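Note sheet for the following structure.
There are 2 protein chains.
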Amino acid sequence: MPDWFIGELRKVFDKSSVLTDTDIEPRYYHDLAGQPVDKPRAVVRPRTTEQVSAFLRLCHRERVPVATQGGMTGLVRGALPNSSEIVLSMERMNAVEEVDTLAGTAVAQAGAPLQKIHEKVEQEGYMFPIDLGARGSCTIGGNISTNAGGNRVIRYGMTRDLILGLEVVTADGIVLQGLRKHIKNNTGIDLKQLFIGSEGILGVVTRAALRIFPAPAERQVALCAVPSFPQVTSFLRMARKHLGGELTAFELMWNEYYRLTVERVKGVIGPLPTHYPFYVLVEASGDHVDRIHADQEKLLEAAIVENLIVDATLSNTNASAEAMWRIRDSSGELARTFRYAARISFDVSLAIDRMDEYTRAIGASIKTIDTSAFLIVFGHVGDGNLHLDVHHENTPTKGEDLERLVYQITGDFDGSISAEHGIGILKRPYLKISRTQEEIETMRMLKRAFDPNHILNPGRIFTM
Amino acid sequence: MPDWFIGELRKVFDKSSVLTDTDIEPRYYHDLAGQPVDKPRAVVRPRTTEQVSAFLRLCHRERVPVATQGGMTGLVRGALPNSSEIVLSMERMNAVEEVDTLAGTAVAQAGAPLQKIHEKVEQEGYMFPIDLGARGSCTIGGNISTNAGGNRVIRYGMTRDLILGLEVVTADGIVLQGLRKHIKNNTGIDLKQLFIGSEGILGVVTRAALRIFPAPAERQVALCAVPSFPQVTSFLRMARKHLGGELTAFELMWNEYYRLTVERVKGVIGPLPTHYPFYVLVEASGDHVDRIHADQEKLLEAAIVENLIVDATLSNTNASAEAMWRIRDSSGELARTFRYAARISFDVSLAIDRMDEYTRAIGASIKTIDTSAFLIVFGHVGDGNLHLDVHHENTPTKGEDLERLVYQITGDFDGSISAEHGIGILKRPYLKISRTQEEIETMRMLKRAFDPNHILNPGRIFTM
Numbered sequence: 002m003p004d005w006f007i008g009e010l011r012k013v014f015d016k017s018s019v020l021t022d023t024d025i026e027p028r029y030y031h032d033l034a035g036q037p038v039d040k041p042r043a044v045v046r047p048r049t050t051e052q053v054s055a056f057l058r059l060c061h062r063e064r065v066p067v068a069t070q071g072g073m074t075g076l077v078r079g080a081l082p083n084s085s086e087i088v089l090s091m092e093r094m095n096a097v098e099e100v101d102t103l104a105g106t107a108v109a110q111a112g113a114p115l116q117k118i119h120e121k122v123e124q125e126g127y128m129f130p131i132d133l134g135a136r137g138s139c140t141i142g143g144n145i146s147t148n149a150g151g152n153r154v155i156r157y158g159m160t161r162d163l164i165l166g167l168e169v170v171t172a173d174g175i176v177l178q179g180l181r182k183h184i185k186n187n188t189g190i191d192l193k194q195l196f197i198g199s200e201g202i203l204g205v206v207t208r209a210a211l212r213i214f215p216a217p218a219e220r221q222v223a224l225c226a227v228p229s230f231p232q233v234t235s236f237l238r239m240a241r242k243h244l245g246g247e248l249t250a251f252e253l254m255w256n257e258y259y260r261l262t263v264e265r266v267k268g269v270i271g272p273l274p275t276h277y278p279f280y281v282l283v284e285a286s287g288d289h290v291d292r293i294h295a296d297q298e299k300l301l302e303a304a305i306v307e308n309l310i311v312d313a314t315l316s317n318t319n320a321s322a323e324a325m326w327r328i329r330d331s332s333g334e335l336a337r338t339f340r341y342a343a344r345i346s347f348d349v350s351l352a353i354d355r356m357d358e359y360t361r362a363i364g365a366s367i368k369t370i371d372t373s374a375f376l377i378v379f380g381h382v383g384d385g386n387l388h389l390d391v392h393h394e395n396t397p398t399k400g401e402d403l404e405r406l407v408y409q410i411t412g413d414f415d416g417s418i419s420a421e422h423g424i425g426i427l428k429r430p431y432l433k434i435s436r437t438q439e440e441i442e443t444m445r446m447l448k449r450a451f452d453p454n455h456i457l458n459p460g461r462i463f464t465m
Numbered sequence: 002m003p004d005w006f007i008g009e010l011r012k013v014f015d016k017s018s019v020l021t022d023t024d025i026e027p028r029y030y031h032d033l034a035g036q037p038v039d040k041p042r043a044v045v046r047p048r049t050t051e052q053v054s055a056f057l058r059l060c061h062r063e064r065v066p067v068a069t070q071g072g073m074t075g076l077v078r079g080a081l082p083n084s085s086e087i088v089l090s091m092e093r094m095n096a097v098e099e100v101d102t103l104a105g106t107a108v109a110q111a112g113a114p115l116q117k118i119h120e121k122v123e124q125e126g127y128m129f130p131i132d133l134g135a136r137g138s139c140t141i142g143g144n145i146s147t148n149a150g151g152n153r154v155i156r157y158g159m160t161r162d163l164i165l166g167l168e169v170v171t172a173d174g175i176v177l178q179g180l181r182k183h184i185k186n187n188t189g190i191d192l193k194q195l196f197i198g199s200e201g202i203l204g205v206v207t208r209a210a211l212r213i214f215p216a217p218a219e220r221q222v223a224l225c226a227v228p229s230f231p232q233v234t235s236f237l238r239m240a241r242k243h244l245g246g247e248l249t250a251f252e253l254m255w256n257e258y259y260r261l262t263v264e265r266v267k268g269v270i271g272p273l274p275t276h277y278p279f280y281v282l283v284e285a286s287g288d289h290v291d292r293i294h295a296d297q298e299k300l301l302e303a304a305i306v307e308n309l310i311v312d313a314t315l316s317n318t319n320a321s322a323e324a325m326w327r328i329r330d331s332s333g334e335l336a337r338t339f340r341y342a343a344r345i346s347f348d349v350s351l352a353i354d355r356m357d358e359y360t361r362a363i364g365a366s367i368k369t370i371d372t373s374a375f376l377i378v379f380g381h382v383g384d385g386n387l388h389l390d391v392h393h394e395n396t397p398t399k400g401e402d403l404e405r406l407v408y409q410i411t412g413d414f415d416g417s418i419s420a421e422h423g424i425g426i427l428k429r430p431y432l433k434i435s436r437t438q439e440e441i442e443t444m445r446m447l448k449r450a451f452d453p454n455h456i457l458n459p460g461r462i463f464t465m
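Residue numbers (the numbering used here), protein chains in the order written: chain A, 2 to 465; chain B, 2 to 465.
This is how it looks when you write it as structure tokens:
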């Protein structure tokens, strides 16, 4: 970066929009564990799409690398800058600009926190279905760039399925104005798809048109204890059959997850004993309150009769439903009760009928490296997605060996190395397990076409 | 194309795979009205992905243009060849290779007819939700290349939403092996999205992994007469509220569509009188037979009480449900009862609350060109998608003027010029109404990157 570059930025932006040196607060360059990474050269905080465009045009011309930041809740180190990069923070483009209940659409700026969108939409009796534990901090721009999943994919799909249109600024500052609200719009190549889930390497999302849905009058949650994995899959099939379109979550927790969360996370109360092998959280939603209750009760009765579940509790108030969700949503807090350096997180997709065998294989193999290593497993089993945390307290230096081992087994099971977290920097060495060489070369070709000077999140997903 | 090129093809493929001259049957170069276009130089009919790859490698090297063909049911002249092109027919890659009910996936070759996929999946008690009038002829490869919509988008989404993975051959013969079955797979740029809905200009789809769903035990259809458009939108809201996830179709027919179909299409019987302004076909599906019936009846009762509908009939057998669907599915047959040359078809998306004003504006404006011109309108109103046929029997030479007029009004209403049919050759002059210049230039950039010699469906969507 030429020395005069920051001066040039200051000419274009006001003082509060360009931070350098001691004005750069720690949150722009600290990871989730609170550890600092390299301090960026500057932090630029645009207020408008035109400012994003002006900034990128300059960076493109001078080949200055940029790290775009949303809520900094990503899990693959994609938004952490290095010392040669300028941070593009979207935090001041955080408005929810429009909620249209007749059309079933909302428009938000990229930096709008997910929870803010939830609240604005809920005021109108509607819902935006993407929901995840980081809802208070994560932004819709980050959700789009990583194609976030979360708890209700089983009913509403991933972020990709809920985006109607995007406004995007490309690396050279061109604004692709695609903020359209049509559900059906087959007019040539669907460019917005390129910017969803590509982790900011092809362009910067500045605005999004989202699909919203009438909020259901009732959400009822059941927490069920299941004695074995085959019974989990049978129970999932039964829940789909009984609840149909009312089934809005089917979340699985292995014993260790449930037990340790109840034991270690402050404020979490477990309504069931902690000795069962598996725990399933089933959510049913809909407008017929009585029917939702009756359907859930019938499901639980049938599951008990067929010995699929051995214990269960049903929410009878919003507070009790929230308390059950709290268990499932505490994965981050549970992780933070362990030493950061002796823990590796995985987020994999694989065939549901192989999940049991897969987790057993991993549980056994990690012990060949660290005899006291153990697994904490939970996930969105209905979507074929598991989260695994490998804890290796006694061998903190063996992280890479364990990581390689788990990804190798994931490949052997035809799994994907990232279901919803993305690749970023952290999973880049393993991308070839989930993508062929030809696919990775095609991604590089796209990168060259969209960002010939390699300024947008360079080195994320793959190197050039 | 060099003279020796056909000879080269014959060396690589057996005799039945390369057709020339009189061996080329009319179906490869006749449009939907039965009119011939230019005869292609040859028709190549590969049996395997490797053969598609070998063929494209040759064409790429020698810069020979290719027109890829599925079931030839497209409505925008995208698959019709010209005399310099070789037809790549996918008709011999038509196997449904796998149906996995546990995973909820099916794998089909691109040339598999949609109906064949339906039948194979139904044998296992499952369904593939994409459904359209052309089901008997159209292929899944064509459905993917055009991102087909159809009758159940309101519940299951477009083709894009139902594709888990694709195997694609690029212009230079490289096979992108992305036939994966994960619902969640955030591992870099989601390349398959580029080949869905891009009408074959970036690559040739050879195989697809599809999402399938348990077939509902019951599908009940109601046909309802509605006195005005505002009542249609209120009825739609009520249907969504009452039926929730059970609502699998909400199809609207304007009076002219219903009346003329009943009067002119052989074998169609209208269960309601033909004088009502609007007719809505509502389908509810689910596993609880009694509940589906009770919910539909309650919906109709409530709609009658609130004066949203003035007449209705409910299917009590599969045959009566099929008879009602037959009315909605007869748009092609209805069109063929009129002179082809004096009819223009439109497929637009726009805000639901502006549809009434829009159709009135078009109905009035076409009369400024042809005083006896009239409109036939129907569509997937729940998805914001209308089909309009403009008939101008007395001014067959005014087609272009009328077309320009309708698209101009569509632009004025912020509509999309293609909801589900695509652009092809036919709508190319109007693409700029629905896409900005920057978007079209970005599409051109992608075309150059993926197909530098411009051999794949050249001139479709845009020119280079």
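All residues carry an ideal CB built from backbone N, CA and C; glycine is no exception. The structure displayed is predicted, hence computed values, not measured ones.
Can the beta-carbon of Ile426/B be found closer than 7 Å to that of Tyr408/B? no
Val77/A - DSSP class collapsed to helix/strand/coil: coil
Whole-angstrom distance between Asp384/A and His289/B, CA atom to CA atom: 24 Å
Runs of beta strand (DSSP E) wholly within the stretch 277 to 310 of chain A (minimum 3 residues, chain order): 279 to 287
Under 8 Å by Cβ, that's how I've got Val382/B and Leu167/B pegged, so tell me the actual separation to the nearest angstrom. 31 Å between Cβ atoms; not a contact.
State buried or exposed for Leu103/A, treating a residue as buried only when at least 16 other CB atoms are found within 10 Å of its CB. exposed
How far does the alpha helix (DSSP H) with Asp1/A in it extend, from its first residue to its last? Residue 1/A falls outside the range modelled here, since chain A spans only 2 to 465, and no answer is possible.
Return the Cβ separation of Val67/A and Leu387/A in integer angstroms, given the expectation that the two are a contact with Cβ distance under 8 Å. Contact doesn't hold; Cβ gap of about 34 Å is too wide.
Complete alpha helix (DSSP H) runs within the stretch 151 to 214 of chain B (minimum length 4 residues, chain order): 154 to 157, 193 to 196
Which residues does DSSP list as the beta-bridge partners of Leu457/B? Val67/B
Contact list for the stretch 428 to 447 of chain A against chain B, Cβ threshold 7 Å: Leu432, Ser435, Arg436, Thr437, Glu439, Glu440, Thr443, Met444, Met446, Leu447
On the DSSP bridge list, what partners appear for Trp255/A? Phe279/A
Going by C-alpha to C-alpha distance, which of Ala172/A, Leu403/A, Gly364/A, Glu252/A sits closest to Ala285/A? Glu252/A
For the beta strand (DSSP E) that Ile377/B lies in, which residues bound it at each end? 375 to 381
With a threshold of 7 Å between beta-carbons, can Gln194/B be considered close to chain A, or not? yes
Residue span of the alpha helix (DSSP H) that contains Ser235/A, given as start and end: 230 to 244
For Gln70/B, count neighbouring Cβ atoms within 10 angstroms of its own Cβ and tell me buried if that reaches 16, exposed if not. buried
Under 8 Å Cβ-Cβ, which residues of chain D neighbour Lys242/B? Checking the listed chains, one finds no chain D in this structure; the protein chains it contains are A and B.
Would you give the residue range spanned by the beta strand (DSSP E) that Ser350/A belongs to? 344 to 350
Only counting runs of 3 or more residues, tell me where the beta strand (DSSP E) segments fall wholly within the stretch 37 to 61 of chain B, in order along the chain. 43 to 45
Helix, strand or coil: which one does DSSP assign to Leu103/A? coil
Cβ closer than 7 Å: which chain A residues qualify as neighbours of Glu421/B? Lys185, Asn187
So, is Ala320/A buried or exposed, given that buried needs 16 or more other C-beta atoms within 10 angstroms? exposed
Which chain B residues sit within Cβ distance under 7 Å of Ala352/A? Ala104
Identified DSSP bridge partners for Ser419/B: Asp348/B
Rounded C-alpha distance that separates Asp39/B from Arg28/B: 12 Å
Are the beta-carbon atoms of Asn256/A and Pro278/A separated by less than 7 Å? yes
Strictly under 7 Å for the Cβ-Cβ distance: is Asn148/B near chain A by that measure? yes
If you follow the alpha helix (DSSP H) that Ile328/B is in, where does it begin and where does it stop? 319 to 330
Distance CB(Val97/B)-CB(Ala111/B) smaller than 7 Å: no
Would you mind reading off the limits of the alpha helix (DSSP H) that contains Ser146/B? 141 to 146
Strictly below 8 Å CB to CB, what residues from chain A border Ile141/B? Simply none; closest approach about 16 Å.
Got a sec: which bits of the stretch 331 to 348 of chain B sit with their beta carbon under 9 Å from any beta carbon on chain A, in order along the chain? Asp348
Cβ neighbours of Thr1/B in the same chain (closer than 6 Å, five flanking residues each side left out): Here chain B covers residues 2 to 465 and nothing more, so residue 1/B does not appear.
Work out the CA separation of Ser146/A and Glu200/A for me, nearest whole Å. 5 Å
Could you tell me whether the Cβ of Gly201/B comes closer than 7 Å to any Cβ of chain A? no
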